[in-house]
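Working notes, structure below.
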Amino acid sequence: MSDAETGTVDSDDAIGAEAGSRRARKAARSAVGARVAIRRFVAAVDPLRFAGVALFVLVWQGLAALLSPIRLPPPLAVMKRLATDFLDAPSLSYYGVANPNLYANLLYTAENVVLAVVIGAVIGVLAGLTSARFRLVRAAIDPVMMTAGTVPILVAAPFLLIWFGVGRLSAVCLVIFYVTVILYLFARRAANNINPIYEEFARTLGATERQIVFDLLTPATVPEILGGLRIALAGAWGLEAVSELLGSQEGVGKVLEVLAGATDSEGIIANLLLLGLVAVIFDAVAGSAIARLTGWNAGLRSEWN
Amino acid sequence: MPANVNSRMIELAHVGRSFRRADGATVNAIDDVSFVIPEGQFVCFVGASGCGKSTLLQMLAGLLEPSQGDVVVGDKAVTGPGPDRGVVFQKDSVFPWMRVIDNVEYGLKCRGAPAAERREIARTYLRHVGLPRVERAWPRELSGGMLKRVAIATVFANGGRVLMLDEPFGALDYVTRRQLQDVLLNLWNADGVGTRRTVIFVTHDVDEALSLADRVMVFRAGVKVDDIPVAVARPRTTDSLLLPEMVEIKRTLLRHLGLDHQVGVDEAAP
Numbered sequence: 001m002s003d004a005e006t007g008t009v010d011s012d013d014a015i016g017a018e019a020g021s022r023r024a025r026k027a028a029r030s031a032v033g034a035r036v037a038i039r040r041f042v043a044a045v046d047p048l049r050f051a052g053v054a055l056f057v058l059v060w061q062g063l064a065a066l067l068s069p070i071r072l073p074p075p076l077a078v079m080k081r082l083a084t085d086f087l088d089a090p091s092l093s094y095y096g097v098a099n100p101n102l103y104a105n106l107l108y109t110a111e112n113v114v115l116a117v118v119i120g121a122v123i124g125v126l127a128g129l130t131s132a133r134f135r136l137v138r139a140a141i142d143p144v145m146m147t148a149g150t151v152p153i154l155v156a157a158p159f160l161l162i163w164f165g166v167g168r169l170s171a172v173c174l175v176i177f178y179v180t181v182i183l184y185l186f187a188r189r190a191a192n193n194i195n196p197i198y199e200e201f202a203r204t205l206g207a208t209e210r211q212i213v214f215d216l217l218t219p220a221t222v223p224e225i226l227g228g229l230r231i232a233l234a235g236a237w238g239l240e241a242v243s244e245l246l247g248s249q250e251g252v253g254k255v256l257e258v259l260a261g262a263t264d265s266e267g268i269i270a271n272l273l274l275l276g277l278v279a280v281i282f283d284a285v286a287g288s289a290i291a292r293l294t295g296w297n298a299g300l301r302s303e304w305n
Numbered sequence: 306m307p308a309n310v311n312s313r314m315i316e317l318a319h320v321g322r323s324f325r326r327a328d329g330a331t332v333n334a335i336d337d338v339s340f341v342i343p344e345g346q347f348v349c350f351v352g353a354s355g356c357g358k359s360t361l362l363q364m365l366a367g368l369l370e371p372s373q374g375d376v377v378v379g380d381k382a383v384t385g386p387g388p389d390r391g392v393v394f395q396k397d398s399v400f401p402w403m404r405v406i407d408n409v410e411y412g413l414k415c416r417g418a419p420a421a422e423r424r425e426i427a428r429t430y431l432r433h434v435g436l437p438r439v440e441r442a443w444p445r446e447l448s449g450g451m452l453k454r455v456a457i458a459t460v461f462a463n464g465g466r467v468l469m470l471d472e473p474f475g476a477l478d479y480v481t482r483r484q485l486q487d488v489l490l491n492l493w494n495a496d497g498v499g500t501r502r503t504v505i506f507v508t509h510d511v512d513e514a515l516s517l518a519d520r521v522m523v524f525r526a527g528v529k530v531d532d533i534p535v536a537v538a539r540p541r542t543t544d545s546l547l548l549p550e551m552v553e554i555k556r557t558l559l560r561h562l563g564l565d566h567q568v569g570v571d572e573a574a575p
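Which chain is which? The protein sequence lines are A and B, in order.
Residue numbering for the first sequence follows the numbering used here, beginning at 1 and increasing consecutively.
Residue numbering for the second sequence follows the numbering used here, beginning at 306 and increasing consecutively.
Have a look at this one:
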């Protein structure tokens with residue numbers, strides 16, 4: 001296709017034609033790029049998914065017509081409420097929420113989630129990989145992590161409140177705890193799943209211990225660890241919100257607690273929608289990052305896209 | 306033999322390897338094996354599966370320690386794996402997370418070869434194995450035969466003077482297998498007499514051994530039972546396998562494998 005277009009430009013002297021054909025080729029390439037982008041967008045935004053959302057809204061509207069607005073407010077009212085409360089929700093200030101709007105509280109929750117996921121992931125992955133590789137480390141860490149993995153995380157909340165008081169630290173620690181356990185299990189399993197033939201091959205090629213860790217253990221475990229990170233991220237949102245319900249002065253959880261106290265169904269649903277939306281966006285970003293990082297692994301690629 | 310060629314490139318003296326079975330009994334996978342292989346020789350290890358030929362190869366590669374005896378390669382006792390001894394495994398060992406060209410140059414990179422130099426070497430060997438156009442491909446995009454070609458290119462590019470191949474073409478179809486035998490022989494030949502690498506090729510295919518080898522060692526139940534020179538001139542063709550001396554060696558090999566009755570040799574099985 002680009003050949004045909006360059007053909008129409010080649011008419012002037014050689015240098016002009018050369019420059020012209022280069023321009024035409026560039027234009028053709030960007031046209032192709034745009035078309036590919038559009039096709040990708042259409043493929044990504046599945047019309048069937050829209051149908052699902054539309055059905056959900058319809059059912060909601062129908063139920064709202066039957067019930068009183070206190071039990072179930074109609075979708076449009078919730079959307080309006082979301083739009084106004086996002087930047088300014090003066091009603092919240094009566095109840096002692098530090099920032100009377102949704103975005104500042106959402107930001108507070110998101111900060112805690114990101115902080116906790118990063119710290120928890122670093123601890124969990126390092127512990128998991130070393131545990132898979134060294135028997136002594138495994139003997140020390142494994143029983144603790146396995147026990148921690150079977151205990152419902154929220155059981156730890158009272159202890160965290162005793163140790164760190166109500167506030168940011170308790171909530172973040174709870175989420176760190178959760179993320180660490182999940183990523184420990186994923187990292188350890190990923191390291192154990194590596195076919196030993198790769199390490200044997202690397203050693204016969206002359207790789208040192210260090211090179212085996214960086215060139216083999218790390219890339220080979222990345223896909224499974226990122227899969228675990230995605231699961232941990234999804235859980236972290238919920239856990240952070242719940243821990244804020246238990247006693248915090250800020251955050252989406254605190255706002256939900258206040259609105260629940262005032263039986264403000266409209267506000268609660270608006271808040272939940274916002275939280276869900278942000279979690280979905282985070283998940284989509286994580287998914288595309290995973291696809292980009294693990295191009296060598298066809299199975300994962302198709303799973304994430 | 307030229308003077309600069311090591312006449313004792315590989316030397317095994319009374320090597321044994323035993324394993325402890327789950328029921329506590331000790332099994333001798335390799336029992337008192339000794340041989341000397343001069344540099345540049347192409348040797349095939351032949352034997353039924355479970356005869357210990359892969360165990361022997363793993364000890365030569367340094368991936369397994371012998372229970373008794375000494376393994377010496379290039380005048381040095383083998384204490385672990387090293388780039389002086391390349392191994393092509395039976396299963397696919399090409400790293401799926403590296404592109405083809407990065408796989409081929411990985412060993413050189415490990416030892417700090419300059420980027421441009423190792424890329425040049427990797428390209429040369431990819432061309433030799435017939436894969437000039439896939440250097441940016443991911444291994445998952447290649448067929449089983451192509452992956453074997455990448456593994457061979459990797460091992461040759463790494464520059465080891467001893468190459469070991471453990472039933473490398475066992476899982477491939479007949480046509481691919483014949484093509485890869487040619488690829489391997491051409492690479493081995495390309496170095497020229499006197500600078501050729503020493504090759505140990507494990508196989509259970511008698512015809513494959515006869516087409517490739519200068520010398521065939523036969524193993525049964527962990528013991529070396531025969532050591533036969535194959536003095537037929539190269540390049541060998543399909544017709545070479547019909548030469549009287551080849552047929553005679555083939556009979557001997559089949560007898561060792563317990564298959565003599567199938568070729569009509571009326572001697573009692575040993």
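Each residue gets a CB set at the ideal place from its N, CA and C atoms; glycine is no exception.
Proximity below 8 Å, CB of residue i to CB of residue j
| i | j | result |
| --- | --- | --- |
| arginine 424 of chain B | isoleucine 406 of chain B | yes |
| valine 252 of chain A | alanine 241 of chain A | yes |
| threonine 503 of chain B | arginine 466 of chain B | yes |
| alanine 563 of chain B | isoleucine 335 of chain B | It is glycine, not alanine, that sits at residue 563 of chain B in the sequence shown. Going by C-beta atoms, glycine 563 of chain B is not nearer than 8 Å to isoleucine 335 of chain B. |
| valine 338 of chain B | leucine 362 of chain B | no |
| lysine 453 of chain B | leucine 490 of chain B | no |
| proline 343 of chain B | arginine 390 of chain B | no |
| valine 488 of chain B | valine 455 of chain B | no |
| tyrosine 264 of chain B | phenylalanine 461 of chain B | Because chain B here runs from 306 to 575, residue 264 of chain B falls outside it and cannot be looked at. |
| glycine 206 of chain A | cysteine 415 of chain B | yes |
| tryptophan 306 of chain A | proline 401 of chain B | This structure gives no information on residue 306 of chain A, because the portion of chain A shown stretches from 1 to 305. |
| alanine 89 of chain A | proline 74 of chain A | no |
| valine 392 of chain B | valine 383 of chain B | no |
| alanine 234 of chain A | alanine 202 of chain A | no |
| arginine 188 of chain A | glycine 228 of chain A | no |
Beta-bridge pairing of residue i - partner residues as DSSP gives them
| i | result |
| --- | --- |
| glycine 321 of chain B | B/Gln373 |
| threonine 557 of chain B | According to DSSP, which records beta bridges pairwise, threonine 557 of chain B is partnered with nothing at all. |
| asparagine 333 of chain B | B/Ser323 |
| glycine 167 of chain A | BP columns for glycine 167 of chain A are empty, so no partner. |
| methionine 469 of chain B | B/Val392 and B/Ile505 |
| glutamate 250 of chain A | Paired residues: none, contrary to the question. |
| phenylalanine 340 of chain B | B/Leu317 |
| lysine 381 of chain B | B/Val378 |
Neighbourhood of residue i by C-beta distance below 8 Å, restricted to the same chain and skipping five residues each side
| i | result |
| --- | --- |
| valine 78 of chain A | Glu266, Ile269, Ala270 and Leu273 |
| phenylalanine 86 of chain A | Asn101, Leu102, Tyr103 and Leu274 |
| asparagine 105 of chain A | Val97, Asn99, Glu250, Gly251, Val252, Lys254 and Val255 |
| tyrosine 307 of chain A | Not covered by the structure: residue 307 of chain A. The range shown for chain A is 1 to 305. |
| glycine 16 of chain A | Model confidence at glycine 16 of chain A stands at a pLDDT of 48, short of 50, so the residue's coordinates are unreliable and nothing is read from them. |
| glutamate 550 of chain B | Ala536 and Val537 |
Beta-carbon proximity list for residue i, same chain, < 6 Å, skipping 5 on both sides
| i | result |
| --- | --- |
| lysine 358 of chain B | Phe350, Gly352, Val507 and Phe524 |
| asparagine 311 of chain B | Glu344 |
| threonine 557 of chain B | none |
| aspartate 397 of chain B | Leu452 |
| valine 285 of chain A | none |
| glutamine 373 of chain B | Gly321 |
| arginine 318 of chain B | The residue asked about is misnamed: residue 318 of chain B is alanine in this sequence, not arginine. The answer, listed in chain order, is Ser339, Gly374 and Asp375. |
Within chain A, the residues that residue i reaches when beta carbons sit closer than 8 Å
| i | result |
| --- | --- |
| valine 392 of chain B | Glu200, Phe201 and Thr204 |
Neighbour list for residue i in chain A, Cβ cutoff strictly below 9 Å
| i | result |
| --- | --- |
| proline 473 of chain B | Under the 9 Å cutoff, chain A gives no residues; its nearest Cβ is about 13 Å from proline 473 of chain B. |
| tryptophan 443 of chain B | Gly295, Trp296, Asn297 and Ala298 |
| leucine 368 of chain B | Glu200, Arg203 and Thr204 |
Neighbour list for residue i in chain A, Cβ cutoff strictly below 7 Å
| i | result |
| --- | --- |
| glycine 379 of chain B | Simply none; closest approach about 15 Å. |
| glycine 387 of chain B | Gly206 |
Neighbouring residues, chain B, relative to residue i (Cβ below 9 Å)
| i | result |
| --- | --- |
| alanine 220 of chain A | Phe400, Pro401 and Trp402 |
Partners in chain B for residue i, counting only beta-carbon separations shorter than 7 Å
| i | result |
| --- | --- |
| glutamine 211 of chain A | Cys415 |
| isoleucine 197 of chain A | Phe394, Lys396 and Ser398 |
Close-in-space but distant-in-sequence residues of the same chain around residue i (CB under 7 Å, 5 per side omitted)
| i | result |
| --- | --- |
| arginine 325 of chain B | Thr331 |
| asparagine 333 of chain B | Gly321, Ser323 and Gly527 |
| alanine 427 of chain B | Ile406, Val409, Glu410 and Ala462 |
| leucine 126 of chain A | none |
| phenylalanine 50 of chain A | none |
| alanine 171 of chain A | Asn112, Glu240, Ser243, Glu244 and Ser248 |
Beta-carbon neighbours of residue i, restricted to chain B and to distances below 8 Å
| i | result |
| --- | --- |
| isoleucine 162 of chain A | What isoleucine 162 of chain A touches in chain B: nothing, since even the nearest Cβ is about 45 Å away. |
If contact means a Cβ-Cβ distance below 7 Å, which residues of the region 392–416 of chain B contact chain A?
Val392, Phe394, Lys396, Ser398, Phe400, Pro401, Trp402, Tyr411, Gly412, Cys415 and Arg416
Residues of the region 454–488 of chain B with Cβ closer than 9 Å to any Cβ of chain A, in chain order:
Ala456, Thr459, Val460, Asn463, Gly465 and Met469
Between the region 166–184 of chain A and chain B, which residues of the former have CB atoms less than 8 Å from a CB of the latter, in chain order?
none
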